[in-house]
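I have placed the structure first, in the form of structure tokens, so that the comments after it can refer back to it.
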Amino acid sequence: MSIEISSLSKIFNKRGKEITALDNVSLNIKEGEFVGLLGPNGAGKTTLTKILTTLILPTSGDVYVDGISIHDDKQIRSIIGSVFGETGGRSLYYRLSVFDNLLFYSTLSGIRKTEAKKRINSLLHFFDLEDKKNALIMKLSTGMKAKVLLIRSLVPFPKVLLLDEPTLGFDAESSEKAKELLLEFNREFGTTVLLTSHNFSEMDDLTSRLVLIDKGQIIQDCPPSIFKESAAQHYVRVIFNLADFHYKSFEDLIRYSAGAEISFFREEDRENFVYEAKIKPSKFSLNETISRITILILRTGGEIYQIAPHIPSLKESFLAFLAINNQKEDPKERTVEEIFNLPFQEEE
Ligand SMILES: Nc1ncnc2c1ncn2[C@@H]1O[C@H](COP(=O)(O)OP(=O)(O)O)[C@@H](O)[C@H]1O
Ligand SMILES: [Mg+2]
């Protein structure tokens, strides 16, 4: 097992008040897995990642990375690479150049200088940072510093990568490059990756397993595809024309002949009998529901202007899931802004 976490808790004391950041978390990650850690602000993601990187100690519980206990911090640090996107910029030497920073950190992890230089140069080239090689860190933009942090974590070819919002401040192109590189590390070297990100396309494209965490507890653990199927609604959106339209009979027709329910309906153009409906399959697959609706509308003498499936994005699913999960215990709904203070990047 690459990462073994059992009954992990972390309680912070802030001005005499106890804050439970992690509440009895257990999680096993196999070697070579690419796992995404997803959760709203304050869920405990950074705390978990910091414990794995030996930056902070847990209140209770056992944690092993590649068989090494986190209490053996020197040994763990030699096999992991980590990025803390929110605060990591501060861990670089502002008065040293990009190259000197990277070389300094790579010698700390025991790589031979010639090898380190080779890897640093090729990673700088990959991220189009060659011309910044000799620039001082303090002269760099946030996005460039973030790239340096990611490069720093990769130079030692670590067995385990612990990445907490590593692409914060990246532009779209660099974000694509980061994806490519992380996948390559994962596939070529079998690097285990635990990635926290609010960039949903990253999470969707890279991870084969999503761990959702809320209020210090794991509330879901499954592949992204399964998560999307379970959390948010798939539906069919149709724009059609039907003369002599009666809502009630249309609703019955959809219910009994297409095994589906109307979840949204509006008149788009009353004079020409044009309507828009969102229809949720309940009996048949999405594709079969589409065929059945098409046939129904055509048979009743209507015309279809548009019909398409709506498959929810990871972001939609995530928000839907949190809403469902919170309704159970807290009827007060949280707004999207409360759920995440989305930092620099948004899904396109
Ligand atoms: N050093 C600290 N002192 C006190 N409370 C903290 C500290 N670090 C984190 N917390 C609290 O622990 C909880 C989890 O925080 P964090 O792990 O940063 O969440 P996330 O990374 O998911 O946004 C939050 O309530 C946060 O305020
Ligand atoms: Mg965090």
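For the sequence shown, the residue numbers in this note's numbering are -1 to 346. We treat Cβ as the ideally placed atom computed from N, Cα and C, and that holds for glycine. In this text, all values refer to a predicted model and were calculated from it rather than measured experimentally.
Exposure of residue i, with buried meaning 16 or more beta-carbon neighbours within 10 Å
i	result
L296	exposed
N197	buried
F263	exposed
S139	exposed
S151	buried
I224	exposed
K43	buried
A306	exposed
Q343	With a pLDDT of only 39 at Q343, under the threshold of 50, the placement of this residue in the model should not be trusted, and no figure is reported.
N99	buried
E269	exposed
E345	For E345, the pLDDT reaches just 37, beneath the cut-off of 50, and the residue's location in the model is therefore unreliable, although a value from the coordinates is still provided. E345 is exposed by the Cβ-count criterion.
L340	Here the model assigns L340 a pLDDT of 41, short of 50, so the residue's position is not dependable and the matter cannot be decided.
I17	exposed
K12	exposed
F187	exposed
K15	exposed
I27	buried
L160	buried
N285	exposed
K330	For K330, the pLDDT reaches just 49, beneath the cut-off of 50, and the residue's location in the model is therefore unreliable, leaving the point undetermined.
Proximity below 8 angstroms, CB of residue i to CB of residue j
i	j	result
S247	L294	no
K130	M142	yes
L208	P222	yes
L94	I135	yes
T292	I302	yes
E29	S67	no
V63	I74	yes
T52	D162	no
K281	Y233	no
V23	I3	yes
S206	E84	no
F125	K145	yes
I49	V61	yes
L20	S7	yes
L122	E128	yes
Enclosing beta strand (DSSP E) for residue i [first to last residue]
i	result
R264	A258 to D267
A176	Here A176 belongs to no beta strand (DSSP E); instead the alpha helix (DSSP H) covers A170 to E186.
F32	F32 to L36
E113	From DSSP, E113 is part of no beta strand (DSSP E) but of the alpha helix (DSSP H) over K111 to F124.
A230	Segment: none, A230 is in no beta strand (DSSP E) and carries neither H nor E.
Bridge partners - residue i, DSSP secondary structure assignment
i	result
V61	I3
K276	R235 and F262
L25	I3
G79	L159
N132	Partner(s): none; N132 has no beta bridge.
R150	Answer by DSSP bridge pairing: none, since R150 is not bridged.
For residue i, the first and last residue of its enclosing alpha helix (DSSP H)
i	result
Y245	Y245 to S255
I295	L284 to R297
T44	K43 to L50
E84	Neither: E84 is in no alpha helix (DSSP H) and is coded neither H nor E.
D242	Element bounds for D242: n/a, residue is neither H nor E.
Check whether the region 173 to 186 touches the region 98 to 113, counting contact only when three or more Cβ pairs, one atom from each stretch, lie closer than 8 angstroms. no
Does the structure place the region 152 to 161 close enough to the region 107 to 126 that three or more beta carbon pairs sit under 8 angstroms? yes
With a cut-off of 8 angstroms, do at least 3 Cβ pairs link the region 310 to 320 to the region 225 to 233? yes
Does the region 183 to 200 come close enough to the region 32 to 39 that 3 or more CB-CB pairs lie under 8 angstroms? The region 32 to 39 vs the region 183 to 200: in contact.
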